[in-house]
Each structure stands twice: as C-alpha cells, then as structure tokens.
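Below is one structure, written out as structure tokens; the observations come after it.
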Amino acid sequence: MEKRVVITGLGAITPIGKNVEEFWEGIKTNKCGIAPITEFNTEKFKVKLAGEVKNYNPEEYFDKRSCKRLDKFSQFAIIASKEAMKDSGITPENTDMNRVGVVISSGIGGLTTIEKENEHYIEKGPDRVSPMYIPMSICNMAAGNVAIELGTKGESISVVTACAGGTHSIGEAYRMIKNGYEDVIFAGGTEASITPTGIAGFTNIKALTQSTDINRASIPFDKERSGFVMGEGAGVLVLEELEHAKARGAKIYAEIVGYSATSDSYHITSPAPEGEGGARAMKLAMEDAKIEPKEITYINAHGTSTHLNDSCETAAIKTALGDYAKDVMVSSTKGNTGHLLGAAGGVEAVICVKAIEDKFIPPTINYKVPDEECDLDIVPNEGRNIEINYAMSNSLGFGGHNATIILKKW
C-alpha cells in the first residue's frame, strides 16, 4: 500500500533572506535580491549583476576549521537543512535515524574550490593542490555533509540534473517515502556558482543578461527579457510519511501528491519546441495526483527570464492544462532571487508551501512589457490573497531534464 507524504519542515538561505521567515517576507513585499556582484572584480566581465546571499559570513554558522573544509554550496545546504530539522521537530528520540534520508541537488558543486585549487596547481604545481580539493568540490558532498551534520543514516544521494535538480530531489524523495523505503527525507537543492568561471561560462553560452539595471535584469515573461541572473543559496524541505508525522504530533504544512520527470531528448541547452517535454511532465504529475487541470490554483513557473524558456514554458502550460491555462495563476519568483540553478526547485518549493499556508499568490515582479508569446495570467507586480488548493512547481534543466511536483493544501 502506498504511503502519503507530507511536508513538516522548511529551511532556506537566499538572496532575499537568510532563513525562511526573512525569505518569505521578501517574496510578499516584492523584494529584489539582484545587485552588483561583490564576490570578485567584474571589470573584465560583460555581466555585472547576480543574486548573492547578502552579508554572508560563514563564521556565524561554522567554526573556523569547518569554514575551511566546506565549500560554500555545502555550507548553504547545511544551514538550510538545520533550519528545516529544527522547524520539523525531528530528533533521534522521536525518529529512527536509520530511516531518515537526504536527497539534495547541486548543479555544479564546489566551483569556488575548483577555481582556487586550479590556480594553486597552475601557480605552484601539483603538490600544492589541497587534499581537501575533491571532498570539497564534488556535487554529492552537500548531501553527504548534511547527513553527517544531522546524523541521518538512511539513503543519502545527490540528484544532478542542472536547473531541474532541486525539484527532482523533492520528487524522488516523495517516491522513496511513498514506496516505504524511508520515513523522513531532507530534500531540496543548493548552489554557489557566482564565481569568475561560473559567470564567464554562462555569459559565453548567451544565457545571462548583461543588463545593469537591477529592476530590469531578471524579468520573467517580459518582452524585454534578455537572459537570466545567477543566484545562490539553498532550499530544503522535510518530507515525512503521514502516519510517522502524526505519531510524533508534527505540524503539517502541506502534502505532496504528484510528481513526474521527463526528458526532451532534443538539445543540450534549448527546450523542445512548444515545451513538449515540460508539458508531458505536468500532465503526468496531474495523473499521479489524480486531479484535473482546473483544480490547480497556482503554478510556480521555472520562468528564467530567457527568451526560449519563458515562451516554451508558456506553450507547455497551454498544452498541459488546455482551456484552463488562461485562468490558472502562474508566476516566476526568479525576479526576486535570480536563478539558483540546482537550488531553484528547492527554494521555489518552499515558496509554494508558504503560499499555501498564507493563502498568498506570489507576483512576478518588475514586469513592464507584455509579450504576446507569454500571455498567461502571470500575476504581474502585485501578489493576491487567494486560497490555494493545489500548487504546481516546474523546473527545467540543461540537457532536456523536466520535473514537476504538485502540493496540496493540508
């Protein structure tokens, strides 16, 4: 018999807030986390803006030894996971930690460490590359470090599907609990790729905007959009089997009822024409949830602010939802945070949970110029106080990876 899966804890560190409360308040008040890059000198770079975690000091969270042994992407994952654990009330006294897993994505892993150690190799030779280089940089270490920090002994894996990774992580965790493999899973994504080669690589693939106006840089669905803005941070949810949550008297935020993942099998960076793969993911997620399109109140779109993504995702929503597409509320919160790559689905799932709890539809901020290719109700500039029965979250990644989850009001 399949188990029911609920959400009992939330954690986040983002460009608009270093915990869930600050982050959600930023979403509700149209806060924009886009600003000039401070991590490195951008004099030689065409791209000047990013969504950095503001005033981040790792020593506020970790001892000096840990600061040196954890890349920033692992630090963010631990910070969000510890907040989620505290919020959930999970302890070794009320939960068998052998049945607690971690599924946390990162698109790129420890890019800061990779760059630094490569410099050491070039300047000083192979013997000066740190023995911590590999354990700090590989993508799975966010999940591994979270498991070590929290003392979880169940399955610990990292889903790496570029910008779809955070949603894939939550979806795969949902399936694991649904089928009885674990009782509790910390699921989401983390990313820290605002580095010289990270920005240069995405710039040269024509993915990033070169706008220097912080309010017109990350502008999903706007006709003047010209690329995404890189963001950083982490979002982690505690997924729990319903009867386990009830037995320990947990607060339940929402229930996960649908998930699907598909592949475009089309192109390394471009979505399939008309968003065909994304449309299939949405349809299959609704089938999994056993609901009709008209039951969905809100869609948190992938909505990256690139020309192809936003137009193809609009087409995909129309294909998946049919006539109801014109009525469903669809917004992208990447105007607030920038695009957190492998962490995007994690932070956006947190947004969906809080939207359901607070009966508030987040807006698409900084929207000015309508695009006939993106003609859905994108909740422009002002949020709406509306009860949400079902919320859908989409994530689409380079390589043709598509993932959709559906959350239900508890």
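Its first residue numbered 159, the sequence shown is counted upward by one per residue in this note's numbering.
Built from N, CA and C at the ideal position, the CB exists for glycine as well.
Keep in mind the model is a prediction, meaning the values are calculated, not measured.
Where does residue i land, buried or exposed, given buried means 16+ other C-beta within 10 angstroms?
{"i": "S376", "result": "buried"}
{"i": "K492", "result": "buried"}
{"i": "I328", "result": "buried"}
{"i": "N494", "result": "buried"}
{"i": "S423", "result": "exposed"}
{"i": "E401", "result": "exposed"}
{"i": "D341", "result": "buried"}
{"i": "F198", "result": "exposed"}
{"i": "E275", "result": "buried"}
{"i": "N458", "result": "buried"}
{"i": "R286", "result": "exposed"}
{"i": "I544", "result": "exposed"}
{"i": "G435", "result": "buried"}
{"i": "N552", "result": "buried"}
{"i": "E445", "result": "exposed"}
In angstroms with no decimal places, state the Cα-to-Cα distance between residue i and residue j.
{"i": "M255", "j": "P528", "result": "50 Å"}
{"i": "Y482", "j": "L534", "result": "10 Å"}
{"i": "G586", "j": "Q233", "result": "No answer is possible for residue 586: the residues shown for the chain start at 159 and end at 568."}
{"i": "R257", "j": "P538", "result": "43 Å"}
{"i": "P216", "j": "T172", "result": "14 Å"}
{"i": "K417", "j": "A447", "result": "The residue you asked about is not Lys; residue 417 is Tyr in the sequence shown. Cα to Cα, Y417 sits roughly 8 Å from A447."}
{"i": "D229", "j": "S295", "result": "7 Å"}
{"i": "G338", "j": "R223", "result": "38 Å"}
{"i": "K526", "j": "N373", "result": "10 Å"}
{"i": "A473", "j": "A502", "result": "21 Å"}
{"i": "V317", "j": "S264", "result": "7 Å"}
{"i": "E218", "j": "G175", "result": "15 Å"}
{"i": "T270", "j": "K484", "result": "43 Å"}
{"i": "K204", "j": "C190", "result": "21 Å"}
{"i": "A419", "j": "P429", "result": "14 Å"}
{"i": "I514", "j": "V508", "result": "10 Å"}
{"i": "T355", "j": "N524", "result": "28 Å"}
{"i": "K244", "j": "G167", "result": "8 Å"}
Given a cut-off of 8 Å on the beta-carbon distance, is the pair residue i and residue j in contact?
{"i": "V396", "j": "F360", "result": "no"}
{"i": "N560", "j": "A322", "result": "yes"}
{"i": "A549", "j": "T455", "result": "yes"}
{"i": "I414", "j": "V261", "result": "no"}
{"i": "V387", "j": "H460", "result": "no"}
{"i": "I563", "j": "A412", "result": "no"}
{"i": "G259", "j": "E307", "result": "no"}
{"i": "W182", "j": "K517", "result": "no"}
Kindly give me the distance between the Cβ atoms of residue i and residue j, rounded to whole angstroms, as I take these residues to be in contact under 8 Å.
{"i": "G347", "j": "A301", "result": "Actually they do not touch by this definition, with Cβ atoms about 10 Å apart."}
{"i": "G504", "j": "I519", "result": "With a Cβ gap of about 20 Å, G504 and I519 do not count as contacting."}
{"i": "T522", "j": "S489", "result": "4 Å"}
{"i": "G389", "j": "G209", "result": "3 Å"}
{"i": "T427", "j": "I357", "result": "About 17 Å; that fails the 8 Å criterion."}
So, is the C-beta of residue i closer than 8 Å to a C-beta in chain E?
{"i": "E241", "result": "Included in the structure is just one protein chain, with no chain E present."}
Please determine if the stretch 464 to 474 and the stretch 377 to 385 are in contact, where contact requires at least 3 C-beta pairs separated by less than 8 Å.
yes
Inter-stretch contact (C-beta, 8 Å, three-pair minimum) for the stretch 397 to 404 and the stretch 331 to 344:
yes
Using 8 Å as the threshold, is the stretch 169 to 186 in touch with the stretch 233 to 244, meaning 3 or more CB pairs across them?
Verdict: yes, contact present.
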